[in-house]
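With mature numbering (1 follows the signal peptide of the UniProt record, and there is no 0) applied, the sequence shown corresponds to residues -22 to -1, 1 to 418, in that order.
Note that the Cβ used here is the ideal one computed from N, Cα and C, for glycine as well.
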Amino acid sequence: MVTRFRRPAVAVVTTLALVGLAACGSDDEQPDANQAVQPATTSCASSGELSMWERSGGNKQMVDLLVEAWNTKNPDCRINLTYIPHTEMVGKIAQGIASGEVPDLMGMDLIYAPQFEKAQQLVDLTDRIRSWPEIATASKGHMTVATYEERLYGVPLYADVSALFYNKDLFQRAGLDPEKPPTSLAELRDYADKITAIGGDVKGYYLPGNCAGCNIFTVGPLMWASGAKIEAVDAGDEPLTGDGVKQVLQFGRDMVKAGNVHDGDRAENGETFHLQFGTGKVGMMGTGNFNITLARQQNPGMKFGIGLLPGASPGSSASFIGGDLVVVPRGSERVADAVNFMKFLLSDEVQVEVYAKALNLTTRTDMVANKYFEAEPLVQDVAKALDVGRTPYTLTFFEQINSPQGPWLQMLQKAYYTDEDLDKVIADAKTAMKTVASAG
């Protein structure tokens, strides 16, 4: 079960680090290139401890459970897991590859995988894993970013999806049906107005004002559901297209002006994002599946439900599929063991008895129907987001979207907190994103 916030796509990367990353190594240095491919199992391929790096700020408890399960089954090749501060992860990987001191395998924020794949800093696993039947039902969002030029570089480690959490107690107090979450932006605004009218310290909605990753995770889907496209995939691609961009920016501006969000939301940088819904003071909030367990721990008496993040048209919805991949860095000497760990993660037993038992989403869609989820309706509800979810694919995600100084957050902050013309706000952000994509 999750007991801490996992900031989606928030590992800090710099252009300098990526340039350095791309510079080290060349095509003919791929480890394992002349070695025979061994059939994958869920056990040791060789003996001796395996080293694994994972970013902090991720789903630590889930990763700990997975590694513990592997170590219990495979005492002769136990994994020694090390957490690297998320702000240091990319630089540490680059330095490790340059010096030849890399872990045998590692967890990677999925959103950055294409950048590492293009830079040829991950081991190409295509011939080892493409024939696995489990790959066919592995999370499509994860597998999309695990693929570069039709080659495969990893499998899902864990999955996060965004959805609309709503406080049923506040719904009842506001005269709303606690079994019917909003299904459009207009309803979301209307419901928020009614909940805010309760008074006191209660607000109808939560809008993080200083967290780029939080907003792509929860506001990005509002745009997608409204027919918008956000990021530029590469040079020449047009970002911020579709009426949904302006519709959602206007929605956010109106929410702030109507007093439907707490004043303190403006300073939210992601550090306390995960704690907001469990306070019982927020009527509705875009957040992730991790908040099911956390909200219950914070506020055991609070009744809440989960719906999909809606768009402008009634019944439209979308979700951000985030999380981590497990990949093999260039220079690993234990590729076969790393691949066996991947096979282990995707096995039926681990999907049900580790992921599902801990009330975390399975990373295979055919494993969603299981005894643990059947006993937990909220997990079933949040799993519906997998059907409408997507994961952005771009080689410049950080610079366009996730940077605290980047065009995405600047655009949102101008929309939320100023009266600047929204067409100009969008045009400025579009120009900045295109510039970044062209440079990348």
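May I ask you to list the residues that DSSP assigns as paired with residue i?
i, result
"residue 134", "303"
"residue 144", "262, 283"
"residue 207", "219"
"residue 28", "57"
"residue 85", "304"
"residue 337", "Bridge partners of residue 337: none, in fact."
"residue 288", "295"
"residue 139", "299"
"residue 129", "126"
"residue 100", "307"
"residue 368", "298"
"residue 342", "116"
Give the straight-line distance between the Cα atoms of residue i and residue j, rounded to the nearest whole angstrom.
i, j, result
"residue 153", "residue 123", "43 Å"
"residue 99", "residue 279", "48 Å"
"residue 327", "residue 40", "15 Å"
"residue 301", "residue 138", "5 Å"
"residue 267", "residue 184", "16 Å"
"residue 21", "residue 316", "10 Å"
"residue 195", "residue 78", "35 Å"
"residue 217", "residue 385", "11 Å"
"residue 314", "residue 18", "8 Å"
"residue 366", "residue 95", "26 Å"
"residue 62", "residue 45", "16 Å"
"residue 242", "residue 270", "23 Å"
"residue 322", "residue 68", "26 Å"
"residue 223", "residue 298", "16 Å"
"residue 198", "residue 126", "24 Å"
"residue 346", "residue 180", "35 Å"
"residue 161", "residue 200", "11 Å"
"residue 290", "residue 373", "29 Å"
"residue 43", "residue 220", "42 Å"
"residue 349", "residue 338", "13 Å"
"residue 239", "residue 359", "25 Å"
"residue 330", "residue 51", "16 Å"
Please report the residue range of the beta strand (DSSP E) in which residue i lies.
i, result
"residue 181", "181 to 184"
"residue 62", "57 to 62"
So residue i and residue j are supposed to be a Cβ contact under 8 Å. How far apart are they, rounded?
i, j, result
"residue 107", "residue 130", "6 Å"
"residue 233", "residue 170", "6 Å"
"residue 173", "residue 261", "3 Å"
"residue 144", "residue 283", "5 Å"
"residue 30", "residue 210", "Rounded, the Cβ-Cβ distance is 33 Å, inconsistent with contact."
"residue 319", "residue 304", "7 Å"
"residue 32", "residue 119", "So it is not a contact: roughly 19 Å between Cβ atoms."
Beta carbon of residue i, beta carbon of residue j: below 8 Å?
i, j, result
"residue 274", "residue 75", "no"
"residue 369", "residue 88", "yes"
"residue 334", "residue 340", "yes"
"residue 380", "residue 191", "yes"
"residue 281", "residue 147", "yes"
"residue 141", "residue 203", "no"
"residue 251", "residue 167", "no"
"residue 91", "residue 132", "yes"
"residue 306", "residue 103", "yes"
"residue 393", "residue 403", "yes"
"residue 247", "residue 188", "yes"
"residue 156", "residue 150", "yes"
"residue 472", "residue 288", "No statement about residue 472 is possible, as the shown extent of the chain runs from -22 to 418 and does not include it."
In the DSSP assignment, find the alpha helix (DSSP H) that holds residue i and state where it starts and stops.
i, result
"residue 406", "400 to 417"
"residue 192", "190 to 196"
"residue 395", "385 to 395"
"residue 122", "118 to 123"
"residue 318", "313 to 324"
"residue 48", "38 to 51"
"residue 71", "67 to 77"
"residue 174", "163 to 174"
"residue 357", "355 to 361"
"residue 351", "349 to 352"
"residue 273", "269 to 276"
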